[in-house]
Amino acid sequence: MPNFILKLPTILCLLLSGLCLPLITVASADAQAKILIVNSDDSVEKYRQVKDAFKLQMTSHAGRIIDVDLQQTEQSDALEQLIKDESPDLIYSIGSKAYQLATQYGGGKPVLFSSVINWQRFERHGNSYGVANELSLSQELSLLRYVLPGLKKVGVLYNPSFNMERIAEARKQMRDMELTLVEQTVTENAQLDKLLDALLPTVDVLWLIADPGVLADKAAVEKVFASSSRYKKPVYTYSDAYTKYGASLVVSADTPTMGRQAANLAQSILLREPIKEVIQTPAGSHITLNVCQLGKLNTNYNSDALDAINQLLECH
Amino acid sequence: MINTLFDIPLSVAKRLPGAAAVLLGLALLVQASAAGTTKTVFFYNPESSVDNFAALKTEFDNYLSGQGEYNFQPFSERSTFESMLSDKAQGVYLLSSWHYAQLNAKTPLEAVLVGVIKGELQQRKILTSKDLGDISALAGATIAGSGSEDYLRSQLQQMLGSQYSSLSAKIKLLTVPKDIDALMAVGFGVAAAAISSESSLNKLAMINPKQHAQLKTLASGEKSFLLIAAVAKQQQNDEASLLKVIEAMGQQPSGEKKLKMLGLDGWKRIDTLDAALSKQLRQP
Chain Z
1 MPNFILKLPT ILCLLLSGLC LPLITVASAD AQAKILIVNS DDSVEKYRQV KDAFKLQMTS
61 HAGRIIDVDL QQTEQSDALE QLIKDESPDL IYSIGSKAYQ LATQYGGGKP VLFSSVINWQ
121 RFERHGNSYG VANELSLSQE LSLLRYVLPG LKKVGVLYNP SFNMERIAEA RKQMRDMELT
181 LVEQTVTENA QLDKLLDALL PTVDVLWLIA DPGVLADKAA VEKVFASSSR YKKPVYTYSD
241 AYTKYGASLV VSADTPTMGR QAANLAQSIL LREPIKEVIQ TPAGSHITLN VCQLGKLNTN
301 YNSDALDAIN QLLECH
Chain G
1001 MINTLFDIPL SVAKRLPGAA AVLLGLALLV QASAAGTTKT VFFYNPESSV DNFAALKTEF
1061 DNYLSGQGEY NFQPFSERST FESMLSDKAQ GVYLLSSWHY AQLNAKTPLE AVLVGVIKGE
1121 LQQRKILTSK DLGDISALAG ATIAGSGSED YLRSQLQQML GSQYSSLSAK IKLLTVPKDI
1181 DALMAVGFGV AAAAISSESS LNKLAMINPK QHAQLKTLAS GEKSFLLIAA VAKQQQNDEA
1241 SLLKVIEAMG QQPSGEKKLK MLGLDGWKRI DTLDAALSKQ LRQP
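Keeping their order, the protein sequence lines are chains Z and G. All letters in the first sequence, in the order written, are residues 1 to 316 by this note's numbering. All letters in the second sequence, in the order written, are residues 1001 to 1284 by this note's numbering.
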């Protein structure tokens, strides 16, 4: 083989060295990367799950992963010093406390977050990326339609100070899904009983959303579920914490999927790939179906959706 | 009774993450296997990522224990499932047809039943997208799908064909629990494309017609069988009674409900299929 053929790639690279060098550097960037994981509290199961899923995917892509549990770190100065000493290429913060501290001490480092409730309340910089904690409205409503297809009239209680935009969006999306939204605004929590009495007889299901103006305290939660039970209406909601009160269907974001999404984002950041969505909506869902409660309420569910259910609650 | 050793009480199972429930079940299984006669249905499905192992264990144990000395053991890890099989544990193995074809090359299994849903024995995986014009635009894209990475990569490779096979290495996968999640991830821009079954895309049309209308199919895979019930070749006669119980599940409402948790509503005996179909499952 003529010598010049063997040398051709080298010659081309030398000629185009301005192009070849960055390519080589970028291609190996993530393999040598140092990632600092800052976990708000490693004893919280959901935080641990998201971290494990992230690490599982990133281990083969990162040079070194440093893991910090804020519950074990007595002073925030220690985190600041660690960031200075280690100079990580990326900081992955899990939970609100970790995100706040990572933003505060991270300097110019890219900060990635997940498991931050209502991330919009924090200041976001140009180097912040993340996976939101709440499912998209579209997914939330589609899964209600999928699992409980017979329930077309959906009632909701909300305080306009907290949820006006969300409800306007829900109204629009529900029309596309042939669902009807029946709204009841709550401005004074003392009226809750009356408002429930007005709303529940007119709907097939109560959609309980995260609204501090409605679910102000435990007593308010108990009132909502007691009334729903009295009117024999199932409750569809966003957190498994409500199953003990008798929620019939709970749809929330799947935690390990959030960790995998964060890992995909981390790879893109480290490789300096263009990122279309810097804050992603959680892609995976976790569904709990309380068939015991639905049986008590004489409400049918779509049995063809059973292979999508994570937790099935039967009567004991 | 030996069977109680296998059972994870519901109150405990509910608090356990899926993998922990599986490990606990396995530990108990070892004790019970040493003790005696209980026969087990082993389950592993690389085509789904729904963490419902605790629910499956509870529901199937309740059903099977009412039919005899039987229980159910789901697996979240392929390697654990395969080592159970290579140790020649007795019982019936529920596995995906994709996995069956791979396993059969090293561990001789005999497929006896094939899963059915709404009269269909087979499914087809498809690749759908909202914004991409064709397959060539997949370089650098994230594709969402349900199942193990091995499974998703093999489906993708099949759909890319030889012309676009080099794209596979440039594609990121995002594993989500179920097909409907993958399809919706495309809708809100987290993934550029989704791998799902054709039937899941049809379900999306019923649930959210607007989102369905935005998706187009870029490629289709070959048809494959749904879940398979198989036994180790030398043990077919020993497992006849358990196979009968499994086969009859679709004929009783309580059994059908459990099958639906696996995405099925019944079974068909492979020896009753058309020769062309059964041949696909009989190949060594």
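Where a beta carbon is used, it is the ideal one built from N, C-alpha and C, also for glycine.
Item, Value
"Considering Cα atoms alone, identify which of Z:Gln267, Z:Ile287 and Z:Asp197 is closest to Asn310 (chain Z).", "Z:Ile287"
"Would you say Pro1177 (chain G) reaches chain Z, if we count a Cβ-Cβ gap shorter than 9 angstroms as a contact?", "yes"
"From G:Val1190, G:Ala1192 and G:Leu1215, pick the residue whose C-alpha is nearest to that of Asn1202 (chain G); which is it?", "G:Leu1215"
"Since Leu1132 (chain G) and Ala1141 (chain G) are thought to touch, with beta carbons under 8 angstroms apart, how far apart are those beta carbons, to the nearest angstrom?", "7 angstroms"
"Looking only at C-alpha atoms, which of Z:Phe225, Z:Thr255 and Z:Lys233 sits nearest to Lys244 (chain Z)?", "Z:Phe225"
"Can you tell me whether Glu183 (chain Z) is helix, strand or coil according to DSSP?", "strand"
"Would you list, in chain order, the members of the segment 1250-1265 of chain G that have their beta-carbon closer than 7 angstroms to a beta-carbon of chain Z?", "Lys1257, Lys1260, Met1261, Leu1262 and Gly1263"
"Would you check if the segment 1180-1190 of chain G and the segment 1092-1106 of chain G touch, i.e. whether three or more CB-CB distances between them fall below 8 angstroms?", "no"
"How would you label Ile1246 (chain G), buried or exposed, when you count the other beta carbons within 10 angstroms and need 16 or more for buried?", "buried"
"Can you tell me whether Tyr129 (chain Z) is helix, strand or coil according to DSSP?", "strand"
"Evaluate Asn1071 (chain G) with the Cβ neighbour count: other Cβ atoms within 10 Å of its Cβ, from every protein chain shown; 16 or more gives buried, anything less gives exposed.", "buried"
"List, from N- to C-terminal side, the beta strand (DSSP E) runs of 3 residues or more that fit wholly inside the segment 1147-1204 of chain G.", "1172-1175 and 1193-1197"
"Out of Z:Glu45, Z:Ala220, Z:Pro149 and Z:Gln267, which one is the CA nearest neighbour of Asn189 (chain Z)?", "Z:Ala220"
"On a CA-only basis, which of G:Thr1040, G:Ser1079, G:Glu1047 and G:Glu1149 is nearest Gln1067 (chain G)? Give me that one, please.", "G:Thr1040"
"Using the beta-carbon of each residue, which ones in chain Z are nearer than 9 angstroms to Ala1205 (chain G)?", "Ordered by position in chain Z, no residue passes the 9 angstroms Cβ test against Ala1205 (chain G), which lies about 11 angstroms from the chain."
"Measure the Cβ-Cβ separation of Leu1281 (chain G) and Val1092 (chain G) and say whether it is below 9 angstroms.", "no"
"Give the residues of chain Z in contact with Phe1188 (chain G), contact being defined as C-beta atoms less than 7 angstroms apart.", "Ser136, Ser138 and Thr281"
"Could you pull out every residue in the same chain whose Cβ sits closer than 8 angstroms to the Cβ of Glu1149 (chain G), ignoring the five residues on either side in sequence?", "Leu1173 and Thr1175"
"In three-state terms, what does DSSP make of Val147 (chain Z)?", "helix"
"Helix, strand or coil: which one does DSSP assign to Val291 (chain Z)?", "helix"
"Checking 9 angstroms against the spacing of the C-beta atoms, do Leu206 (chain Z) and Leu199 (chain Z) come in under that value?", "yes"
"Just to confirm, are Ile1228 (chain G) and Gly1115 (chain G) a CB contact at a threshold of 9 angstroms?", "yes"
"Chain G beta carbons: is any one of them nearer than 9 angstroms to that of Met177 (chain Z)?", "yes"
"Between Z:Thr281, Z:Glu314 and Z:Asp304, which lies nearest to Lys296 (chain Z) when the distance is taken from Cα to Cα?", "Z:Glu314"
"Any idea what DSSP makes of Leu1218 (chain G), helix, strand or coil?", "strand"
"CB-CB under 8 angstroms to Arg1124 (chain G), same chain, minus the five flanking residues each way: which ones, in chain order?", "Ser1197, Glu1198, Ser1220, Gly1221, Glu1222, Lys1223 and Ser1224"
"Would you list, in chain order, the members of the segment 53-76 of chain Z that have their beta-carbon closer than 8 angstroms to a beta-carbon of chain G?", "none"
"Find out if the Cβ-Cβ distance for the pair Ile1171 (chain G), Gly1266 (chain G) is shorter than 9 angstroms.", "no"
"Does the Cβ-Cβ distance between Gly107 (chain Z) and Leu265 (chain Z) come in under 9 angstroms?", "no"
"Using only alpha-carbon positions, find the residue among Z:Arg272, Z:Glu178, Z:Asp211 and Z:Met258 that is nearest to Arg48 (chain Z).", "Z:Met258"
"Return the chain-ordered list of same chain residues with a C-beta closer than 6 angstroms to the C-beta of Ala1194 (chain G), the five sequence neighbours on each side being excluded.", "Thr1128, Ala1144, Ala1182, Leu1183 and Val1186"
"Counting along the chain, where does the beta strand (DSSP E) carrying Tyr238 (chain Z) start and finish?", "First-last for Tyr238 (chain Z): undefined, no H or E at that position."
"Chain Z partners of Thr980 (chain G), CB-CB under 8 angstroms?", "Outside the displayed span of chain G (1001 to 1284) sits residue 980 (chain G), for which this structure offers no information."
"Under 8 angstroms: do the segment 229-242 of chain Z and the segment 1150-1164 of chain G share three or more Cβ pairs, one atom per stretch?", "no"
"What residues in the segment 235-252 of chain Z bring their beta carbon closer than 8 angstroms to a beta carbon of chain G?", "none"
"When you check each C-beta in the segment 275-303 of chain Z against every C-beta of chain G, which residues fall closer than 8 angstroms?", "Lys276, Glu277, Gln280, Thr281, Ala283, Gly284, Ser285, His286 and Ser303"
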